[in-house]
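Protein chains in written order, with my numbering: chain F, -1 to 161; chain D, 2 to 610. Positions of the beta carbon are idealized from the N, C-alpha and C atoms, including for glycine.
Next comes the structure, spelled out in structure tokens:
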């Protein structure tokens, strides 16, 4: 923190010899740094590792299937819903993982349910359902929702795995 | 999965992340937690949400990263920063012979080009190594040619274009780029056009034709009709430049005294019905060719028709001037309000001339100025937006800090720390006490206490029996054994209890440390507030500065208006002078033909006499 403070002070002193664009740049960088620190602080305060639960989405369905929407229930309560754009589908197909939900859960057994809606190559809506139960210990719990399926081999399905 | 494997996998995935859209991690099944964070960053990168990707990347703990992993992490960060519009030195990216990184840098170059940041794109391009895989080399040459087009360096462009695979997507993209044509067209450089001939591709036909046309006219101006004719002959007869090429070739052939061929070419121009200056130039050439071929009558007729047409045009000139006035107003309006439908672009004949005005060099200069002015305004707008967003961000952060630093929150945190400290003291005292008198019954559960009580009672009864002279050694031994079992159980439970309590103390200590750190962080943020206030003041100063700069814009606009006025009056005058020149040349030709005809008639008469 002290280093950041000193950096900020020295940046402010250097303003007088810089152009406006450079000054804006310096200010932007400082804002980004500050934002990063705040985000980390927020993460540490709001989601302590003892109660943290994160749910990620990974898509391994064929590219002809596009994901329309997804709903996550924890202990029969809807905690997250997401509707997917073309760009997001593309990002998932390319191997990106979406953080669908981050929250806090008490230690103990919890039930996870997932309902996904996808559209196949013939414009038919396919509803995929999956559920699983996990024990939440005092360590952070990360779960991956995997949308699976292979063109002409396996029908699309959804599964939950602990990361 | 052991830790080394996790690190290796992390690094591989980082490199995969850098590979951008075309390369994605194939296997997501065995990801560790830190890999997931990279994949989340990757998700936002693919989704073009660079700020969010950067935020995710910032949250990744780089503790225990190897140097190589740190480099890859930094490269990914810098590419994200560049993609999100940061003005960053590409020198920060340390590239290695790694296809994935090379491809990621190429994508970043394309993004810079898309954003119009040519200097940044060129500097980033220079980071790329010279030697790479053929598939990537094609992309590299494409980018090089693309950058050369912008920098208007024919040589580099041609070199790179020649190196491209002629059937590749990159080659097609290059040719589609609208900048290709103007570059070659305006150049007309002999060597450039010569080199162009070596590129054998149908898609290049138009570009080659433009080059040859410019070259032909340059040869004509240099007084080299033979070379000019050769250049014009290269142009395909079906090309869009047909009229201009035919006219040029006709003029060259007239100069080479090949009048029969020249006549056919001029006729083609005349038959095409070109309403512009080409028609008059072709008429002059056609008449000259006819005259030289001995068909003076038709030549005379052609000139007379064209003269009539020119006279009509001169009559119509005031109308054209009025039209130009309107268009001038329209151009001025366009500067303030970029909407094309403000202009009346109907009326083919008038607009042919208006378009020729628009393509004149002076107007191009003005357009450049207008363009610069719009860019300046956009930059002001961008700066203003940056300042506003920054101001918003700053205020938001100050609010957040104030929220975090409000008295209740601090008091809560302080009381929690005190409470935890007190709890710890109690627990520590309890454990210490229990350890000191571990032979006592402090640690016994009610079940064992009850058992102990029953043992004591039985023992009392045994003492009574003993006094009565009865001995029961077996019972005594059983009692002793039972006593030992209870003690053993008690001691086991006590050990477990001590272990649990110690663990609890550790947890309390950990919690205390965390809370104290949070408290310290909050105090640090408190120190940042004065700096942020200074920043806010600086933002306000910048805002004022931008406003001051904007005051100069109307002055510049006024200058441009004045230039447009001058240009439009010059153009009107030029139209008249061009038509006057044609009339003069045509009249002279007619007089020359009349004289020649008179002389021939005279000679014939004298011969008869």
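Interface flag for residue 43 of chain D against chain F is set, since a Cβ pair is found closer than 8 Å. Distance from the Cα of residue 594 of chain D is smallest, within the candidate group D:281, D:225, D:264, D:304, for D:304.
The count of Cβ pairs closer than 8 Å, one atom from the segment 111 to 122 of chain F and one from the segment 56 to 65 of chain F, reaches three, so the stretches are in contact.
In this structure residue 300 of chain D touches residue 288 of chain D by the C-beta definition: roughly 4 Å separates them, less than 8 Å. Collapsing the DSSP output to three states places residue 44 of chain D in a helix. Assignment of residue 294 of chain D by DSSP, reduced to helix, strand and coil, places it in the coil class. By the Cβ test, the segment 374 to 393 of chain D is not in contact with the segment 512 to 529 of chain D, since fewer than three Cβ pairs between them sit closer than 8 Å. At a cut-off of 8 Å between beta carbons, residue 90 of chain F contacts chain D.
Secondary structure of residue 229 of chain D (DSSP, three-state): helix. Three or more beta-carbon pairs drawn from the segment 91 to 111 of chain F and the segment 141 to 161 of chain F are found closer than 8 Å, and the two stretches are therefore classed as touching. At a cut-off of 8 Å between beta carbons, residue 86 of chain F contacts chain D. Per the DSSP secondary-structure output, residue 285 of chain D pairs with nothing in a beta bridge.
Interface criterion not met: the Cβ of residue 106 of chain D is under 8 Å from no Cβ in chain F. It is roughly 19 Å from the alpha-carbon of residue 132 of chain F to the alpha-carbon of residue 56 of chain F.
With respect to the 8 Å criterion, residue 70 of chain F and residue 45 of chain F are not classified as neighbours on the basis of their beta carbons. Taking the CA atoms as reference points, residue 213 of chain D sits about 15 Å from residue 252 of chain D. Using a CB distance cut-off of 8 Å, residue 49 of chain D counts as an interface residue toward chain F. The Cβ of residue 128 of chain D sits no closer than 8 Å to any Cβ of chain F.
Under the Cβ criterion (8 Å, minimum of three pairs), the segment 312 to 322 of chain D does not count as touching the segment 289 to 296 of chain D.
In the DSSP annotation of this structure, the continuous segment of the beta strand (DSSP E) that includes residue 50 of chain F starts and ends at 50 to 57. Rounded to the nearest angstrom, the gap between the Cα atoms of residue 228 of chain D and residue 83 of chain F is 60 Å.
Distance from residue 103 of chain D to residue 329 of chain D at the Cβ level is roughly 52 Å; contact not present, criterion being Cβ atoms closer than 8 Å. Separation of residue 532 of chain D and residue 385 of chain D (C-alpha to C-alpha, rounded to the nearest whole angstrom) is 22 Å.
In this structure, residue 587 of chain D sits near residue 308 of chain D, with a CB-CB distance shorter than 8 Å. Residues 147 of the same chain have their beta carbon placed closer than 7 Å to that of residue 153 of chain F, with the five preceding and five following residues left out of the count.
The beta carbon of residue 143 of chain F does not come within 8 Å of any beta carbon belonging to chain D, so the residue lies off that interface. Following the DSSP letters along the chain, one finds residue 93 of chain D in no alpha helix (DSSP H), marked with neither H nor E. According to the DSSP secondary-structure assignment, residue 125 of chain F is paired through a beta bridge with F:115. DSSP places residue 51 of chain D inside the alpha helix (DSSP H), whose first and last residues are 51 to 59. Against residue 40 of chain D, the close residues of chain F are 54, 56, 93, 94, 95, in the order they occur along the chain (beta-carbon pairs closer than 8 Å). For residue 263 of chain D, the uninterrupted alpha helix (DSSP H) segment begins and ends at 260 to 272. In the DSSP assignment, residue 87 of chain F falls within the alpha helix (DSSP H) that extends over 84 to 91. A straight-line Cα-Cα distance of about 38 Å links residue 258 of chain D and residue 321 of chain D. Taken through DSSP and simplified to helix, strand or coil, residue 236 of chain D comes out as coil. In this structure, the CA atom of residue 394 of chain D is about 16 Å from the CA atom of residue 544 of chain D. The beta carbon of residue 74 of chain F sits closer than 8 Å to the beta carbons of 109, 111 from its chain, once the five residues preceding and following it are set aside; these are given in chain order.
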